[in-house]
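Student: Starting off with a structure, shown below.
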Amino acid sequence: MSQRIAFQGDLGAYSHEACLKARPDAQPVPCRTFEDVIEAVRAGKADMAMLPVENTTYGRVADIHRLLPESGLHIVDEEFVRVRISLMAMPGQTLEDIRHVRAHLVLIPQARAFLDAHGITSEAAADSAGAASDIAQTGEMGVGALASAVAADIHNLQILARDIEDQGHNMTRFLLMSPHADHSPRHAHMITTFVFEVRNIPAALYKAMGGFATNGVNMIKLESYMVGGAFTATQFYADIEGHPDDPAVARALEELDYFTNRLDILGVYPAAAGRE
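This is the structure we're talking about:
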C-alpha cells in the first residue's frame with residue numbers, strides 16, 4: 004500500500020505539487036486547514052504531512068512555527084517548489100475570452116503585471132486549486148483561475164498562459180513530517196531543525212548563539228515568535244547545517260542547552276536540491 008500524505012488545500016495546490024516532488028507514488032490527502040493536516044496524521048488517516056514553512060517573497064507562513072512544536076510530528080525531508088502561475092479556464096476559449104480570474108489572495112498580486120496588461124480583473128478565493136475545481140465543476144465560461152499547472156491537469160482545464168508571475172524567483176519551502184523521527188545521517192549535507200526557549204538571564208540569546216560561532220556551525224535560519232500571548236520573543240526556531248552527532252554540532256547544542264529552558268529537535272533531514 005502506498006503512503007498517504009496530507010496537505011492543506013485542494014488537489015492541484017502547490018502543496019500537492021510538493022507531495023508529488025517528494026513522494027511521487029504517495030496518495031495525496033487534501034485537508035482544509037494546517038491543523039486538519041496534522042490531525043489527519045495523528046488519527047491515522049495519513050502517514051505523513053506536507054506543510055509550507057516559508058516563501059521567498061512573503062516570508063514565514065503564518066501559524067506554522069506555532070503548530071510544529073506541539074504537533075508530535077518530526078521533519079524527515081524538505082522540498083522546494085517554484086511558484087509557477089498558470090491561467091486556466093474551461094476548454095474551447097482563448098485568452099481574449101477571459102475577463103476575470105479567481106485565485107488565493109496571496110497569488111493575485113504575484114501576477115498583477117500580466118492581469119493589468121490584459122485588462123483582466125481578479126477576485127480572491129479561499130484556495131487557488133479550489134478555484135480551478137469550482138470552474139471545472141460549474142463549466143463557467145469567461146472566467147479563469149490562477150493556479151499551478153498540476154491543477155489544470157487534475158481538473159481538465161485548458162492552460163491559456165504559463166509562467167505569468169511577476170517574479171521568477173518565488174519559491175516555497177515545504178517540510179515533510181512523520182510521526183516517526185529519522186535522524187540517520189542519510190546524506191552528505193544534513194539539516195537539523197530545533198526550537199528553544201532562552202532562560203531569563205541577561206544576554207541569554209547572545210550566549211546561546213556563541214557555541215555555534217565558536218564551533219564553526221552554520222546557522223541558516225533563526226526566527227523568534229511569541230508564545231502564550233505574551234509580547235516577549237522567548238521562543239526561537241532555528242535551522243543549522245550538520246547532524247547532531249557531528250562533534251562540532253554536538254558541542255554547540257550542549258552549550259545551547261545550558262542557556263535554555265527548553266530545547267526540542269524537530270527534525271534531522273537531508274538538504275533538498277532547492278537550497279542550491
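In the numbering used here, the protein residues as written are 4 to 279. Idealized CB from N, CA, C, for every residue including glycine. For clarity, every value in this text was computed on a predicted model and none was experimentally measured.
1. Would you grab the beta carbon distance between Val-79 and Ala-21 for me? Rounded to a whole angstrom, and I think it's under 8 Å.
2. Measuring CB atoms only, is the segment 92-104 touching the segment 130-147, in the sense that at least three cross pairs come out at less than 8 Å?
3. Would you list the residues sitting across from Lys-224 in a DSSP beta bridge?
4. Do you know offhand how far Ser-151's Cα is from Ser-18's?
5. Along the alpha helix (DSSP H) that carries Asp-80, what are the first and last residues, could you check?
6. Tell me whether the beta-carbon of Ala-132 lies closer than 8 Å to the beta-carbon of Gly-12.
7. Please name the residue, chosen from Pro-205, Glu-200, Ala-216, Gly-219, that lies closest to Ile-266 on a Cα-to-Cα basis.
8. Does any heavy atom of the ligand FAD sit closer than 7 Å to the C-beta of Arg-105?
9. Which residue marks the beginning of the beta strand (DSSP E) containing Ala-52, and which one marks its end?
10. Any idea what DSSP makes of Val-44, helix, strand or coil?
11. Using the three-state DSSP reduction, which class does Arg-69 fall into: helix, strand or coil?
12. Between which two residues does the beta strand (DSSP E) holding Gln-11 run?
13. Quick one: any contact between the segment 207-217 and the segment 165-181, if contact means 3 or more CB pairs under 8 Å?
14. In chain order, what residues of the same chain lie with their CB nearer than 6 Å to the CB of Ser-74, ignoring the 5 residues before and after it?
15. Ile-194 bridges to which residues according to DSSP?
Tutor: For this structure:
1. About 14 Å; that fails the 8 Å criterion.
2. yes
3. Asp-242
4. 10 Å
5. Careful: Asp-80 lies outside any alpha helix (DSSP H), inside the beta strand (DSSP E) at 77-85.
6. yes
7. Here the sequence assigns Leu to residue 266, which means Ile is not the residue at that position. Ranking Pro-205, Glu-200, Ala-216, Gly-219 by Cα distance to Leu-266 puts Glu-200 first.
8. In the structure shown, the ligand FAD is absent, as is every other ligand, since no ligand is present at all.
9. 51-58
10. helix
11. helix
12. 7-11
13. no
14. Ile-41
15. Glu-244, Tyr-272
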